[in-house]
Amino acid sequence: MIKDELARLITDGYNALGELGFAESSTGYRLYHWADRNSLNQARIYRSPKDAREIAKYDSSGAYRPLKGVPNLPRGWVLELPNINDLKTALDFFYPGAVATWLAFREGKAQPVCLRQTLNRQTGMYRVTGKLTDDQAQSLVKEACRSDSRCLRTILWGIEADHPPDFLPASKSDPTVDQTGQSRTTLPFLCLEACNLLVAAARTTVKKSSR
Amino acid sequence: MVEKWESALVLVGHGSTLNPDSSAPTFQHADEIGRRELFAEVYCAFWKEEPSLREVLRMVESDDIYIVPNFISEGYFTETIIPRELELTGPVTRRSGKVIKYCEPVGNDPRMVDLLLRRAQDAAPNVPREKTSLLIVGHGTSLNQKSAEAAQQQVRVIREKRLYAEVTEAYMEEPPFIADWRKNTSQRHVVVVPFFIADGLHSYQDIPVLLGIESDRTAAASQQEIFRRNPYNMDGRELYYASAIGTEPLMADVILDTVARFDRRHLCDVAA
């Protein structure tokens, strides 16, 4: 089960995911913002995994965070969770599906889907994204998915089928690289397919260029 | 009672990249059903939020999976988007040792009429209903006619109850348009009930502008309160705006009934 594998990974030394840090504690598991790891005694304590959903909902300025991979998770909290199941649930509220996606990819059960395939299956208001050119796509992804400000996921899909995302910095498509730039023992935070926000941004790009 | 201790339930909502309240009803009902411990797993998935429809099945570990669209009607999302993104082949999809059961949207439940009437009553408890127009407002879309047909069906059923002087419908994206409510309703009192799941972008931020009770898109529902300002006096009319029906606690039972209804209707498909 995913929770058992997560427990094994923690025993093996993995202690980070995205902006999060986690560790075993005397009462179960502790989950926190990595940047707070040395000041947890000043953090507000939460005890329900559902609190993670509310913490992850807004950034420190109160702005809504529809995309959880954006590196703007608020600080100043710590989740004290009694068991691995609650830790898994909380991680899924911070970074939905990240652990399951990594495990499925590692076992060969999930493959990247190229951007062209994602765009070509769109209908309705997003059908027009099929007209995005390769150059537009590369520029868009480079900007909209950059790790320093837009999304911490590691991109494994290319523009066309069977083409790696070699237009990106090598680090952005390497699952062993910590996208926060801190070289932690981090669980890979993979992007196997363009998200709806990128599809929506592709629509904006096509619409602008056709004016 | 539905007891599916070896099955997963995935509630699918629209979600929003702009409005933080859009996903709230879906999470609320998932929490309630999870609390009752009827399923091995309960997850939410969204078109516009995470986990996406493309990701969620990787999170599910049960081999038997019920997908319930937390949508107000059949339409573009239930017939095109959700099946496409989840790669469903019909009501029952078998893939990699898993059986994925695609249920009807919650809005197909016959109790939606009662919920709409309850919202109308809550919004305007003291209006004389024999001098009131009840306006049901839906999304409507040229992409699929079923969205409007569902609202029309509610209007027909409510009209037959003869509770209000007038019962009619209006839409955001097809005629009769919401913005034309003044000429499309005849009574001094007008109660508007959104035929939407969430008090999200459309029902809370867009429709008040179309009705003329706000001049610009306001903050999200969780950040201000629009319903407490009823009634809105406009052009000699008294307009009451109700909240969406999807946050009703009863919706958790509606979801469970949707699963039970799937089992009754597709027993043979699943056994095949």
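In the order they appear, the protein sequences are chains C and L. Counting along the first sequence from 1, when you hit position 75 you're at 75 in our numbering, and nothing is skipped either side. Counting along the second sequence from 1, when you hit position 248 you're at 248 in our numbering, and nothing is skipped either side. From the three backbone atoms N, C-alpha and C, an ideal C-beta is built for every residue, glycine too. Note that this is a predicted model, so its numbers are computed, not measured.
So residue i is in the beta strand (DSSP E); what residue range does that whole segment cover?
{"i": "residue 239 of chain L", "result": "237-241"}
{"i": "residue 101 of chain L", "result": "98-102"}
{"i": "residue 39 of chain L", "result": "39-46"}
{"i": "residue 275 of chain L", "result": "The structure shown has nothing for residue 275 of chain L, since chain L only spans 1 to 272."}
{"i": "residue 270 of chain L", "result": "From DSSP, residue 270 of chain L is part of no beta strand (DSSP E) but of the alpha helix (DSSP H) over 267-271."}
{"i": "residue 214 of chain L", "result": "Element bounds for residue 214 of chain L: n/a, residue is neither H nor E."}
{"i": "residue 24 of chain C", "result": "20-25"}
{"i": "residue 129 of chain C", "result": "Per DSSP, residue 129 of chain C belongs to no beta strand (DSSP E) and is neither H nor E."}
{"i": "residue 119 of chain C", "result": "Premise fails: residue 119 of chain C lies in the alpha helix (DSSP H), 115-120, not in any beta strand (DSSP E)."}
Below 8 Å on the Cβ atoms is my contact criterion, and I expect residue i with residue j to pass it. Report the Cβ-Cβ distance as a whole number of Å.
{"i": "residue 86 of chain L", "j": "residue 67 of chain L", "result": "7 Å"}
{"i": "residue 84 of chain L", "j": "residue 121 of chain C", "result": "6 Å"}
{"i": "residue 157 of chain C", "j": "residue 96 of chain C", "result": "Contact flag wrong, Cβ pair sits at about 18 Å."}
{"i": "residue 179 of chain L", "j": "residue 135 of chain L", "result": "With 8 Å as the limit, residue 179 of chain L and residue 135 of chain L do not qualify as a contact, their Cβ atoms being about 12 Å apart."}
What number of angstroms, rounded off, separates the C-alpha of residue i from the C-alpha of residue j?
{"i": "residue 90 of chain L", "j": "residue 111 of chain L", "result": "26 Å"}
{"i": "residue 82 of chain C", "j": "residue 4 of chain C", "result": "15 Å"}
{"i": "residue 20 of chain C", "j": "residue 108 of chain C", "result": "26 Å"}
{"i": "residue 182 of chain C", "j": "residue 256 of chain L", "result": "46 Å"}
{"i": "residue 131 of chain C", "j": "residue 198 of chain L", "result": "33 Å"}
{"i": "residue 128 of chain C", "j": "residue 164 of chain L", "result": "44 Å"}
{"i": "residue 240 of chain L", "j": "residue 126 of chain L", "result": "11 Å"}
{"i": "residue 76 of chain L", "j": "residue 144 of chain L", "result": "5 Å"}
{"i": "residue 144 of chain C", "j": "residue 195 of chain C", "result": "11 Å"}
{"i": "residue 76 of chain C", "j": "residue 47 of chain C", "result": "14 Å"}
{"i": "residue 169 of chain L", "j": "residue 152 of chain L", "result": "7 Å"}
{"i": "residue 58 of chain L", "j": "residue 191 of chain C", "result": "13 Å"}
{"i": "residue 11 of chain L", "j": "residue 236 of chain L", "result": "43 Å"}
{"i": "residue 85 of chain C", "j": "residue 94 of chain C", "result": "15 Å"}
{"i": "residue 177 of chain C", "j": "residue 115 of chain C", "result": "22 Å"}
{"i": "residue 192 of chain L", "j": "residue 104 of chain C", "result": "47 Å"}
Specify, as a first and last residue, the run of the alpha helix (DSSP H) that residue i falls within.
{"i": "residue 140 of chain L", "result": "It is not in any alpha helix (DSSP H) - residue 140 of chain L carries neither H nor E in the DSSP assignment."}
{"i": "residue 234 of chain L", "result": "Here residue 234 of chain L belongs to no alpha helix (DSSP H); instead the beta strand (DSSP E) covers 232-234."}
{"i": "residue 199 of chain C", "result": "196-209"}
{"i": "residue 158 of chain L", "result": "146-160"}
{"i": "residue 11 of chain C", "result": "2-11"}
{"i": "residue 116 of chain L", "result": "112-123"}
{"i": "residue 141 of chain C", "result": "134-144"}
{"i": "residue 182 of chain L", "result": "181-184"}
At a cut-off of 6 Å, is residue i close to the ligand MG when judged by its beta-carbon and the heavy atoms of the ligand?
{"i": "residue 51 of chain L", "result": "The model on display carries no ligand, and the ligand MG is accordingly not part of it."}
Problem - Within 7 Å of chain L by C-beta, residues of the region 106-128 of chain C in sequence order - result: Taking 7 Å as the Cβ-Cβ cut-off against chain L, the residues of the region 106-128 of chain C that qualify are 110, 121, 123 and 124.
Problem - Contact list for the region 41-60 of chain C against chain L, Cβ threshold 9 Å - result: So the close ones are 50, 53, 57 and 58.
Practice task
Enumerate, from N- to C-terminal direction, the unbroken beta strand (DSSP E) stretches of 3 or more residues contained entirely within the region 51-109 of chain C.
Solution key: 77-81, all fully within the region 51-109 of chain C.
Exercise for the section: Give, in chain order, every unbroken run of the alpha helix (DSSP H) that is at least 4 residues long and sits entirely within the region 6-90 of chain L. Expected result: The region 6-90 of chain L is shown to contain whole alpha helix (DSSP H) runs of 4 or more residues at 24-35, 56-59 and 82-86, in chain order.
Practice task
Please list the residues of the region 54-74 of chain L that have a C-beta atom closer than 7 Å to any C-beta atom in chain C, keeping them in chain order.
Solution key: The residues in question are 54, 55, 56, 58, 59 and 61.
Handout entry: Where the region 35-56 of chain L meets chain C: residues whose CB sits under 7 Å from a CB there
Key = For the region 35-56 of chain L, residues whose beta-carbon sits nearer than 7 Å to a beta-carbon of chain C comprise 47, 48, 49, 50, 51, 52, 54, 55 and 56.
Practice task
Mind checking the region 16-31 of chain L against chain C and listing, in chain order, the residues whose C-beta falls within less than 8 Å of any C-beta there?
Solution key: Listed in sequence order: 16, 17, 18, 19, 20, 27 and 31.
Problem - Contacting positions in the region 59-76 of chain C - beta carbon closer than 9 Å to chain L - result: Here the close residues are 62, 64, 65, 66, 67, 68 and 69.
Handout entry: chain L contacts made by the region 193-211 of chain C, where a contact means CB separation under 9 Å
Key = Answer set for the region 193-211 of chain C: 193, 195, 196, 197 and 200.
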